[in-house]
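Structure first, then comments.
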Amino acid sequence: MKIDAKQYTEPDTSKNELASGLLHRLCKHADTKVRLHLAENKHTPMELLVVLSYDSNPSVRLAVAENASAHHCLIERAVEDICVDVRYGLAENPHLPTHLLRKLAVDENPYVACRAERTLARVLRECIALQCSR
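Here is the structure:
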């Protein structure tokens, strides 16, 4: 039986007790794709995003940090993730708060730091372009 986490993360079903219990089980599912979908879905309840932010798979942790509904503390924790892939993924996100991009720009990993510097430069160019177009 194929499980599609999407059907259980729609706004109206996340309030349902049955759906809530199933979501808790799905966030521990053996299939990374199921957990990844939950981490990416903006309707996943915050309590499950917290659980998924500790997932063993770096892609799941990155997806939590890039979720539009993620609390800032989850994003801040991801900026200090032990896995360089998580930090690198965040370093190329122009929607990351500037103070976190600056933190990544001085990351111990030169690839992360360089990527964050490039992203900061891109954000700055876009801001300047917006100012000039007014």
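Under this note's numbering, read the sequence shown as residues 246 to 379, first letter to last.
Backbone N, C-alpha and C define an ideal beta-carbon position, used for all residues, glycine too.
Bear in mind that the values here come from a model prediction, so they are computed numbers and not experimental data.
Backbone secondary structure at residue i - three-state DSSP
i, result
"Glu321", "helix"
"Tyr356", "helix"
"Ser378", "coil"
"Val368", "helix"
"Lys273", "coil"
Test: residue i CB closer than 7 Å to a CB of chain C
i, result
"Arg363", "Among the chains in the structure shown there is no chain C, since it carries only a single protein chain."
Pair within 7 Å by beta-carbon distance, residue i and residue j
i, j, result
"Ala310", "Ala323", "yes"
"Leu297", "Ala284", "yes"
"Leu345", "Leu365", "no"
"His307", "Val331", "In the sequence under discussion, the amino acid at residue 307 is Leu, which differs from the His named in the question. In contact: Leu307 and Val331 (Cβ atoms closer than 7 Å)."
"Leu369", "Ala361", "no"
"Asn312", "Val329", "no"
"Leu319", "Ser304", "no"
"Tyr333", "Val357", "yes"
"Lys287", "Ser265", "no"
Environment of residue i [buried if 16+ CB atoms lie within 10 Å]
i, result
"Asp209", "Only positions 246 to 379 of the chain appear in this structure, which leaves residue 209 out of reach."
"Pro342", "exposed"
"Pro339", "exposed"
"Cys372", "exposed"
Item to check | Contiguous alpha helix (DSSP H) assignments of at least 4 residues, all confined to the segment 276–340 | outcome: 277–285, 291–297, 303–311, 317–324, 329–336
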